[in-house]
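*Asks:*
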Amino acid sequence: MKRAIAKVKSNKGAPGIDGTTIEEIPEVMQKQWPQIKQTILDGTYCPSPIRRVEIPKPDGSGVRQLGIPTVMDRIIQQAIHQELVPVFDPIFSQYSYGFRPNRNAGQAVLQAQKYIQEGYKWVVDIDLEKFFDKVNHDILMAKVARRVKDKKILFLVRKYLQAGVMDDGLVKPMEEGTPQGGPLSPLLSNIILDDFDRKLEERGLRYTRYADDCNIYVKSEKAGQRVMGAAVRYLTKELKLKVNQQKSAVDNPWKRKFLGFTFTKGKEPNRIAVHKSPSQATKRQSKRSHQEV
C-alpha cells in the first residue's frame, strides 16, 4: 500500500467525485483506511463511481473520454495492479508494447520498421472503435480468472468495472468497458487482447501492438485482405469488440499512420517519419508533409 500511495502521488492527477486531492492522502488514509481495509477483506467494499471528463485527442480528431476514480480508489487499484503485473506480464507477447514495464511506443514503431525492411510492404491496420468503452466484462473476467484464483480479488476487479460513472450529477451504470483514467485499465486492456496476440503468433504473422493500436505486416494485398477478414471475425465474434471499418484498411505502410508516425517510401531503409496532422499540413503547405527523423 505504501508503494501504491507513492505511485499515485507521483502521477498527480485530478480529484474524483468526492473532491479529495492527492495532498490530502495522509489524512484520508489515517481516518478511512482501517475501515476500508476491513471491507476489502470481508468482500463488501464498494468503489465510488468515476468522474467523467473529456480531453482533446492528440490528432485533433475529437475528444477522448476519461474516467477519474477517487484518490482512495486509485490507491487500491494501483495496489491490485502491482500484484497482477508479475502474474500476467510474463505471459504477454513480446510484440505487445503498450503499458508494460520497460516497453514503449517507440519500440513498437521500430518493430514495424523492421518488418517493412524485411519485405513486408503491406499493412493490415486495424482500428478498434471506442475500445476502452466496449470491453465485455464477462469475457475479460474469465481471462483474469485463468490466472487469479483469489475470489476476493476477482470480486474487487469486477466491482471496479461496474462502479458506474458520475455524469451531469447522475450515476450511470457501466455494463461494459474499462474506462481510461484508472491504474487497472491499461493492464486489463492487455489481458483482453492477449488471446488475439496468440492467434496472430500461431499463424506466424508479423505484427506489432500498442494497446488497441495493432498493425499486421504481410507481403501482398491479397494476403492482407485475407488476414483482415480473419482478424475482424475473431475480434468481433470471440472478444465482442467493434472494428471501425472506415478507419481500418489494408494498404502500404507509407500511406498509413501508426502511433503518430509513418514510413518513407522507396529504397531501404524506409525511414520513420513524423506524421503531421491536417491542421499542421495546412499551415505549412509549402513544406514537405513529412519530416524525416
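Mind the numbering: the sequence shown is residues 10 to 302 in this note's numbering, read in order.
Just so it is clear, CB atoms sit at the ideal spot from N, CA and C, and this is done for glycine as well.
What you are looking at is a predicted structure, and each value in this text was computed from that prediction instead of being measured.
Which residues in the same chain have their Cβ closer than 7 Å to the Cβ of Tyr-124, if we skip the five residues on either side of it in sequence?
*Replies:* Arg-215 and Tyr-226
*Asks:* Thinking C-alpha only, which one of Asp-142, Asn-253 and Leu-93 is nearest Leu-163?
*Replies:* Leu-93
*Asks:* Contact defined as beta carbons within less than 8 Å: I believe Val-153 pairs with Val-166. What is the distance between those atoms, to the nearest angstrom?
*Replies:* 6 Å
*Asks:* For Leu-244, which of Thr-79, Ser-57, Asp-136 and Asp-98 has the nearest alpha-carbon?
*Replies:* Asp-136
*Asks:* Exposed or buried, which one is Val-62 when buried takes at least 16 other CB atoms within 10 Å?
*Replies:* Exposed is the call here.
*Asks:* What residue does the alpha helix (DSSP H) around Glu-211 start on, and which one ends it?
*Replies:* 193 to 211
*Asks:* Where do the N-terminal and C-terminal ends of the alpha helix (DSSP H) with Val-303 fall, by residue?
*Replies:* The chain is shown only over 10 to 302; residue 303 falls outside these bounds and no answer can be derived.
*Asks:* Report the rounded CA-to-CA distance for Pro-6 versus Gly-269, giving the unit in angstroms.
*Replies:* Within the shown structure, residues of the chain are numbered from 10 to 302, placing residue 6 beyond reach of any answer.
*Asks:* Is there contact here, the segment 183 to 192 with the segment 73 to 84, by at least three beta-carbon pairs under 8 Å?
*Replies:* yes
*Asks:* Keeping to the same chain, check which residues put their C-beta closer than 6 Å to that of Met-175; ignore five residues upstream and five downstream.
*Replies:* Ile-26, Pro-58 and Arg-60
*Asks:* On a Cα-Cα basis, can you pick out the residue from Leu-250, Arg-112, Asp-82 and Lys-139 that is closest to Gly-71?
*Replies:* Lys-139
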